[in-house]
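For the sequence shown, the working numbering begins at 39 and goes up steadily by one.
Here the structure comes first, spelled out in structure tokens, and everything after it is commentary.
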Amino acid sequence: MTTTSTDSAFNIFTLPTHIESYISPFWETVQENDHFLLQRTKLRKNSIMRNVLGTVQNVLDTKQSPYRLLYRRANGSCLQVAVAETEKQADTAWRWIDANLVPPLSILDDNEKEEFVATKVNSIVTRRDAGTDEISADANVRTASRSFRQTFDVPATERLVNYYSCAYYTNRFTTQGWLYISENYVAFYSYLLGYETKLLVELRSIQDIRKEKSKRGVFSDAIKLVMKDRTEHFFSNLFKRDAVYDVLVQLTGLAMQRVLKSTALEQSPGGEVSIDIRDSDIDAASDKDLVTHRMASLPASEIRKMMQPLKMDLAAQKRDERFRARFRLPPTEQLLTSVHATYFVTKDEDTQEEKRVPGRLCLSESFLTFNSTDKGHYHDAIMPLYTIRRVERLNEPSQAFSIKIVNWHQDHAQFRLNVTKQQYEEFSSRLTANLRKQIKYMKMLKRFLATCPSELVAADKSLDDIDKVHGGLGLTFGFPGDAKKLKDKSKMKLWKKYFDEYGRNLTIVKTPQFGRLVRVGLPNRLRGEIWEVCSGAIQQRFLNQGLYTRILEENKNKNSLSLEEIEKDLNRSLPEYSAYQTPEGINSLRRVLSAYSWKDPELGYCQAMNIVTSAILIYMSEEQAFYTLSVLCDDMLPGYYSTSMYGALLDQIIFEHLLESTMPILYNHFKKTDIQLSVACLPWFLSLYINSMPLLFAFRVLDCFFMDGPKILFQIGLAILKINGDELLKTTDDGAFMNVLKHYFNSLHEPLYPDSQNSKARTLTRFNELLLVAYREFGSITDDKIREMRQTHQLKVVAGIESFAKRSTLRNIDDTAGLDKEELGIIYDKFHNVQYYRTKEKGSERMDYAAFEILIGNLASWAKFSQKNKEGDQERQLKVGKTFLVRLFKRFDKGDQGGLSLQDVIIGLGSIIKGDHNAQITLFFDLHDTDKDGYLNRDELLEFSESLLWIFRDKPDEYLNAVSTFLRNAFEYSETKEDSQDKFLSMASLRMLVLADELLENFFDHEFAQSFKLVEKPVEQQRSLGREIFDSLLATGTKFANNAKQRALVSSPLSSKASNVSSPTSTSDTQSLSTTPSLSVHTKQDENQDVDTTTPSQEPIQHEEEKEQEPTSHEESATESPKKEHDNVEKKVDDVHDEESNDEDEDVLEEVDRLLKEYGDEDDEEDDTKST
């Protein structure tokens, strides 16, 4: 076999799947040998049974290909090794098996044959389908994914996440079917008694996802999808509605990031977001998996190549994200295992009284974490494995399943694991293995801890010694505020006591006391380190020591757009602080911002970064500030400092919703007076209140922000509005609104109770009131609530950004090439849609050839390569088509950039769509004039003709004849050039030949331009065969009625007399003629099942009536008809009967027989008549 034939054969192999028996009433064997069977499905030509079978397959979600190849096992069962859609595909695979698998099987022992076949087939599939669901470890996922890809036009690499049974509401009625959710699509398919419903929408086109009640408003089992074009899709009967919602939210969140990345406005919003399949997800299946998924015949080495279903990976990804966010861990960490455990905390050193804290112990690659599960009790411990000196397993009966941990600072922690013995052994083994991997990092600890002031505080060193540790600009230029009034020394003593009891820096344990110490204000010399600890930046700084210096060194002589923007903002960064009036402070800020722009070139630099960085540099060293800025931009405030600021805009929407729910009167006042809340509140969030409040209080907000996370921004903002609510209700415009807030911020230092007799009360300021209201009145705002609201509203924000980017881009197009606004919009959408799904390296804005091929295929049907075009006998045509599109791509690429911009595509398409016939002829001439000499030589003429033949491959034969005539005339009218004896065709001659042929003239005049369809992609497709079923049942019922009537006539003397008059010949002829119209319709329908047809029932019914009422008239008409025509009709009927009889099988189930007899087609009835 040729290489192409071998590839065609390989394309239909599947992972071996167990089949109980090859003997089935729905399958017939076409070919067989000692080891393999080729079978095809029955009932292909019976419309009623085809509809019934399609309905059953829809209900069971088992879309079956019409051909299958089976391997006979020794125990009588089979392995399905391939499925095919066409007879040609099945025959190709059969011949490959006969040539490559059957000969080796003849010399193998019986116990080796099955493993040989399974290994061979599995190897083919895993090599061919790497990264697809065809090698999923879950057989159900493989089957469902195959049904999904067979039903919808999606790439073979599209991976299915999950599928659910549900109902879909159409304009006509509700239909039950299957909801498929993949990486990039939401699809619905239903086939019920001939009525087919198909829906395929892109995740990126979804603007809102809502949980709903069913249409009757009884059950909460529905989801509504609102698209960007305002269309809606309603799904109900979802028994796992919440699971579906969570999956859709997660996937649309990933799609949102990719949309922002692919839009013209948001070229580089951050790191690439993708579904990352880790090595840990491609593990060997367990023994249980082997039994469950019926893969016992596959060798273990082959099973290891199989992937976990994508839904499991998405669940793991979601779990890891929650885990990292909970403990502020580096982005490389994945949760490996977690167990319930009890933490024994020593409360008093003298009495050794122990406090037991129930919670959860989690293990990742580099960390062991514990968090309390007691409601309202805060106890978090983050133990980097590289800080653990020793782990002891306590085996005393009173301490069963316990471990004792000793860390770098000689602090002890004891945990009792609430697990079984096997789970205890597994946890201990995994912990031990991970500890060994972290030994290399222990050598770096001593040098790193020397940069932490907490080490000196715990050692009771003096302030002068602490000041020698490299820190922020405050050590040189002074810290804001009066240290005495701030009680800095007292705070340092409290922190020393805490460090002694609960550890410090990398090993600190967070308790309620930790939160109280942070909220009263951090001491100046510890503020930077505590910010690091709370944000998790300290972990990244330890694991990446030297990275900051290396980035600066490697990029010191480079320039970028980000560096230019940084220079513009340096002198506008906290000008009130003295350090930023000197070169030392400016240079320090420049280095940190530049290093981050080089570390993350996609994000680079955005305004407001300079404000936050200049603030944290007062308390942090440059290296500390660099990693803290990274955590802020990447984890804590994603999207805040991107070009579109989508994160900040999203949080503004959330802030307004929270205001509406907590203070509706104030919210309605703002709406009534048209006061724009974002005018004041957006700068609060972007600068973390640094630009709004006096620095001293802004740093107190930062203390709470790093400890509590982004929720504190909402709590502080709502508290500000609540405290000033009475004054704000009097405002009527934005100016008055801003003045109230400005006056409030300037009064934060004022005492809250200046006339109080209580000395402590007199020390309370309006800022203390602000914190109190924020935590007490708005404590119900949690991280989970903010996360949920972000998920709810993020799609609307991105849709708005995408729409704005589209309008901005189209408004700035230099050359519209004669296209109108609607046409430009469609090209923009299709261009960015292709870029969205491309697999090229990130960061490129230009369209490469592979993407261009997809784009043109989406616009013109002739440019789309189907699977049929890739089969062996189409190899030449495929090459011609590829060559033509490559030349068209280069034609569009005017600047020879190797890629196309949106402007290039608009100009290229516009020249075709708006061009006249001369422009089209010139285009084709230039594409085939490869030597650019202004003539077409013999080879170029042949290529010209082949290109036309490829474009006309689905056209009638008249087009092929036109090309043949053109080529003959082209050779005839070719002329020689002065310097050559060879003949060439000039542009003028080509134009003459084209205009001489009507078909070619029409093609170049308008057909080629009109083949590019600038229309939106249809979303929903429905095909109803209900009329066909109705007509078929009506015809059958009429026949039953007529037969019953005839029997009644036969039983009477008159009918007997009439029967004796009628001859057998005339009766036979009448039946043949009467059935011909019905048979011809059904035969045509069987040949093209995908076309909606309505079977005319009037004609056969009319024949039956004529047969009953005027028996002699039919005899006369039959006798008068030509003998030749009569024979042809009889032959046609006999051929159809023979074909139908081959499909009948005595082993068909009784239920199928009953259905065939009761609802059979007309040709089935005629089979019965003929046999009788």
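C-beta: ideal position from N, C-alpha, C; glycine also.
Every value quoted in this text rests on a predicted model; they were computed, and no experiment measured them.
Cut-off 7 Å between Cβ atoms - residues of its own chain near residue i, not counting five sequence neighbours on either side
i      : result
Val507 : Thr489, Pro491 and Leu494
Val835 : Tyr684, Leu687, Leu688 and Ile691
Asp607 : Gln645 and Asn648
Phe257 : Lys251
Thr651 : Leu627, Val630, Leu631, Ala663 and Leu667
Residue j beta carbon less than 9 Å from that of residue i
i      : j      : result
Gly863 : Ala663 : no
Tyr207 : Lys253 : yes
Val547 : His707 : no
Asn784 : Pro732 : yes
Leu940 : Ile865 : yes
Val556 : Arg366 : no
Ser274 : Ala205 : yes
Val444 : Leu473 : no
Leu238 : Ile219 : no
Phe744 : Ser611 : no
Thr803 : His787 : yes
Leu544 : Ile504 : no
Ala379 : Pro396 : yes
Arg738 : Gly559 : yes
Phe154 : Leu107 : no
Selected residue, minimal CA-CA separation from residue i, among the options
i       : options                             : result
Tyr227  : Leu532, Trp216, Asp351 and Arg296   : Trp216
Ala354  : Thr514, Lys126, Glu371 and Asn850   : Glu371
Lys475  : Ser1027, Gly114 and Ile426          : Ile426
Ser1024 : Gly114, Val571, Phe1009 and Leu1038 : Phe1009
Pro54   : Trp132, Ala156, Glu125 and Trp134   : Ala156
Arg588  : Arg629, Cys116 and Gln915           : Arg629
Asp672  : Ser183, Pro748, Ala757 and Ser652   : Pro748
Lys356  : Val297, Thr375, Gln288 and Phe1022  : Gln288
Ser1002 : Phe982, Lys1021 and Ser1018         : Phe982
Gly584  : Phe486, Leu560, Ser600 and Ser635   : Phe486
Ser376  : Lys393, Ser436, Asn456 and Leu352   : Asn456
Ala812  : Gly755, Asn999, Gln452 and Ser635   : Gly755
Arg884  : Leu986, His870 and Leu759           : His870
Residue span of the beta strand (DSSP E) that contains residue i, given as start and end
i      : result
Pro721 : Looking at the DSSP string, Pro721 is not in any beta strand (DSSP E); the run it does join, the alpha helix (DSSP H), is Leu715 to Ser725.
Arg394 : Glu392 to Leu401
Asn409 : Phe405 to Ser410
Pro422 : Asp418 to Pro422
Boundaries (first-last residue) of the alpha helix (DSSP H) holding residue i
i      : result
Ser635 : Pro621 to Lys637
Lys475 : Lys459 to Lys475
Val495 : Pro491 to Ala496
Cys742 : Leu733 to Asp746
Met674 : Element bounds for Met674: n/a, residue is neither H nor E.
Phe515 : Gly512 to Phe515
Ser600 : Leu599 to Asp607
Close Cβ partners of residue i (< 6 Å) along its chain, the five nearest in sequence each way excluded
i      : result
Lys952 : Gly856
Leu779 : Ala718
Arg876 : Ala889
Ser243 : Met265 and Lys266
Leu697 : Tyr705
Val872 : Ala889, Ile892 and Leu893
Asn762 : Val778 and Tyr782
Cβ-based neighbour list, residue i, same chain, cut-off 8 Å, excluding 5 preceding and 5 following
i       : result
Leu1187 : Reliability of the predicted coordinates at Leu1187 is poor, the pLDDT of 41 falling under 50, and no value is obtained from them.
Ser318  : Low local confidence applies: a pLDDT of 34 at Ser318 is under 50, so the model's placement there is unreliable, and no value is given.
Phe51   : Val119, Ala120, Ala131, Val159, Ile162, Val163 and Arg166
Q.
Extract the residue ranges of the beta strand (DSSP E) inside the stretch 180-217, only unbroken runs of 3 or more that lie entirely within it.
A. 198-207
Q: Could you tell me which uninterrupted alpha helix (DSSP H) segments, each at least 4 residues in length, are contained entirely in the stretch 916-961, listed from first to last along the chain?
A: 940-951
**Q.** Unbroken stretches of the beta strand (DSSP E), 3 residues or longer, contained in the stretch 758-806
**A.** none
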